[in-house]
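> Have a look at this one before I ask anything.
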Amino acid sequence: MGAQMRVYRQRIRSVQATKKITRAMELIAASRVVKAQQRVRESSPYARALTRAVSAVATFSNVDHPLTTEHENVRRAAVLVVTSDRGLAGAYSSSVLKESERLIGDLRADGKEVVPYLVGRKAVGFYKFRKRDYADEWTGFTDQPTFDVAREIGEALVAAFNQDFAEGGVDEVHIVFTRFVNMVTQEPDVIRMLPLEVVEGEEAPAEDDVLPLYEFEPSAEQVLDALLPKYVTARIYNCLLQAAASELASRQRAMKSATDNAEELIKKYTRLANQARQAEITQEISEIVGGSDALADAS
Numbered sequence: 251m252g253a254q255m256r257v258y259r260q261r262i263r264s265v266q267a268t269k270k271i272t273r274a275m276e277l278i279a280a281s282r283v284v285k286a287q288q289r290v291r292e293s294s295p296y297a298r299a300l301t302r303a304v305s306a307v308a309t310f311s312n313v314d315h316p317l318t319t320e321h322e323n324v325r326r327a328a329v330l331v332v333t334s335d336r337g338l339a340g341a342y343s344s345s346v347l348k349e350s351e352r353l354i355g356d357l358r359a360d361g362k363e364v365v366p367y368l369v370g371r372k373a374v375g376f377y378k379f380r381k382r383d384y385a386d387e388w389t390g391f392t393d394q395p396t397f398d399v400a401r402e403i404g405e406a407l408v409a410a411f412n413q414d415f416a417e418g419g420v421d422e423v424h425i426v427f428t429r430f431v432n433m434v435t436q437e438p439d440v441i442r443m444l445p446l447e448v449v450e451g452e453e454a455p456a457e458d459d460v461l462p463l464y465e466f467e468p469s470a471e472q473v474l475d476a477l478l479p480k481y482v483t484a485r486i487y488n489c490l491l492q493a494a495a496s497e498l499a500s501r502q503r504a505m506k507s508a509t510d511n512a513e514e515l516i517k518k519y520t521r522l523a524n525q526a527r528q529a530e531i532t533q534e535i536s537e538i539v540g541g542s543d544a545l546a547d548a549s
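Numbering (the numbering used here), first residue to last: 251 to 549.
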């Protein structure tokens with residue numbers, strides 16, 4: 251009985267140590283997700299204003315720009331997959347990877363070659379484990395992305411889109427990320443980034459919203475040259491921010507679940523330890539009574 255008691259007590263101490271870690275990670279994620287949500291909200295006005303300006307230029311200039319022009323023969327597509335650097339976030343990264351696999355399957359079924367670009371160590375590990383090739387990777391920032399990283403990713407994707415097919419260029423660019431809906435709901439999503447579809451999703455102007463009439467200096471072409479790369483960077487940055495908020499919300503939920511499970515295990519082992527202790531005491535009493543009876547019989 252003593253050995254069984256020691257086993258239960260050791261398990262209780264082990265689970266208590268795990269509970270302290272999961273509780274700390276839950277609190278850290280909870281504090282960071284508030285900041286991540288705020289960053290998503292703060293990026294929206296800039297993205298809306300930029301979308302409005304780009305829409306006006308594209309609408310009133312009638313200029314064909316390389317980033318807004320559909321390629322006649324779409325043979326190769328780039329797919330940017332946004333996952334996390336760390337685990338312990340439930341099904342966050344696996345859901346994105348599953349959605350990316352579905353998209354890649356659809357693209358290949360259409361006869362398109364796929365060139366993956368990876369964000370987060372989980373995506374990199376997924377591809378390296380399966381010995382798959384990919385074009386580029388960015389890691390080390392997924393829960394706190396910066397605008398500089400978004401610009402670097404945007405420049406790489408725009409360069410691939412502007413490159414000739416024979417030199418390894420792509421005809422379209424897709425992004426797979428997790429859209430942050432609220433603290434409970436985060437959904438894997440896919441958007442086609444290039445060629446640009448300027449009016450898109452929540453950033454689309456309302457039907458009764460009149461676009462301002464702009465005068466383009468020095469020319470509409472040069473304005474688009476300056477605005478469209480910024481628009482690509484802003485959209486990628488928004489995707490990274492939403493993914494970061496989703497990752498932190500998923501981690502908070504996963505760690506809360508782990509903490510709750512640890513509490514249940516502690517209660518279970520405590521109950522088993524008490525039962526073992528009671529059985530031990532009962533046996534000791536039985537042995538004492540048995541010894542006393544034996545002495546009485548002997549006398």
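Think of the CB as a built atom: it goes at the ideal place given N, C-alpha and C, for glycine as much as any other residue.
By how many angstroms is the C-alpha of Met443 removed from the C-alpha of Glu450?
Note that Glu450 scores a pLDDT of 45, beneath 50, so its modelled location is shaky; the value from the coordinates is reported in the next line. Cα to Cα, Glu450 sits roughly 10 Å from Met443.
> Just checking my contact of Thr509 with Thr272 at CB under 8 Å: how many whole Å lie between their CB atoms?
So it is a contact: roughly 5 Å between Cβ atoms.
> Taking only three categories from DSSP, how would you classify Thr428?
Residue state, collapsed to three classes: strand.
> For the beta strand (DSSP E) containing Tyr377, name the first residue and the last one.
First-last for Tyr377: 371-379, but that is the alpha helix (DSSP H), not the beta strand (DSSP E).
> If you draw a straight line from the C-alpha of Arg282 to the C-alpha of Leu498, how long is it?
If I take the Cα positions, the gap works out to 7 Å.
> Quick one: what does DSSP say Met443 is sitting in, helix, strand or coil?
Here Met443 sits in strand by DSSP.
> Out of Val408, Glu471, Arg336, Ala409, point me to the one whose CA is closest to Val374's CA.
The shortest C-alpha separation from Val374 is found at Arg336.
> Would Pro395 pass as a contact of Tyr384 if the rule is Cβ separation under 8 Å?
No, they are not a contact pair.
> Between which two residues does the alpha helix (DSSP H) harbouring Val324 extend?
Per DSSP, Val324 belongs to no alpha helix (DSSP H) and is neither H nor E.
> Going straight from the alpha carbon of Asp421 to that of Thr268, what length do you get?
The alpha-carbon atoms of Asp421 and Thr268 are separated by roughly 49 Å.
> Give every residue of the same chain whose Cβ lies closer than 8 Å to the Cβ of Val290, excluding the five residues on either side of it in the sequence, and list them in chain order.
Excluding positions up to five away in sequence, the list reads Phe430, Asn488, Leu491, Gln492, Ala495.
> In the DSSP assignment, what are the bridge partners of Asp393?
Paired residue(s): none; Asp393 is not in a bridge.
> Let me confirm a value: Pro468 is counted as buried when at least 16 other C-beta atoms fall within 10 Å, else exposed. Which label applies?
Flag for Pro468 reads exposed.
> Do the CB positions of Val332 and Phe391 come within less than 8 Å of each other?
The answer is no: Cβ separation not under 8 Å.
> Just to confirm before moving on: does the CB-CB distance between Val304 and Leu478 stay below 8 Å?
Yes, they are a contact pair.
> Return the CA-CA distance between Pro295 and Leu474, expressed in angstroms with no decimal places.
Each residue's alpha carbon lies about 20 Å from the other.
> Using a Cβ-Cβ cut-off of 6 Å (strictly less than) and excluding sequence neighbours within five positions of Ala280, which residues of its own chain qualify?
Result list for Ala280: Gln502, in chain order.
> If distances are taken between C-alpha atoms only, which option among Ser344, Gln528, Val329, Val346 comes closest to Arg358?
Out of Ser344, Gln528, Val329, Val346, Val329 has the C-alpha closest to the C-alpha of Arg358.
> Among the residues of its own chain, which have a CB less than 7 Å from the CB of Ser293, if the five just before and after it don't count?
Counting only Cβ-Cβ distances below 7 Å, and skipping sequence neighbours, we find Tyr487, Asn488, Leu491.
> With burial defined as no fewer than 16 other Cβ atoms inside 10 Å of the residue's Cβ, what is the status of Ser507: buried or exposed?
When all chains shown are included, Ser507 counts as exposed.
> Hey, out of Arg527, Met433, Gln472, Ala339, whose CA is closest to Lys285's CA?
Closest by alpha carbon: Met433.
> Give me the Cα-Cα distance between Lys518 and Ala526, rounded to the nearest whole angstrom.
Between Lys518 and Ala526, the C-alpha separation is close to 12 Å.
> Note the first and the last residue of the continuous alpha helix (DSSP H) segment covering Asp386.
Segment 386-388 is the beta strand (DSSP E) holding Asp386; no alpha helix (DSSP H) there.
> Going by the DSSP bridge assignment, what does Leu330 pair with across the sheet?
Looking at the DSSP assignment, Leu330 forms a beta bridge with Tyr367, Ile425.
> Could one say the Cβ of Val482 lies closer than 8 Å to chain C's Cβ atoms, at least one of them?
In summary, chain C is missing from the structure at hand, where a single protein chain is found.
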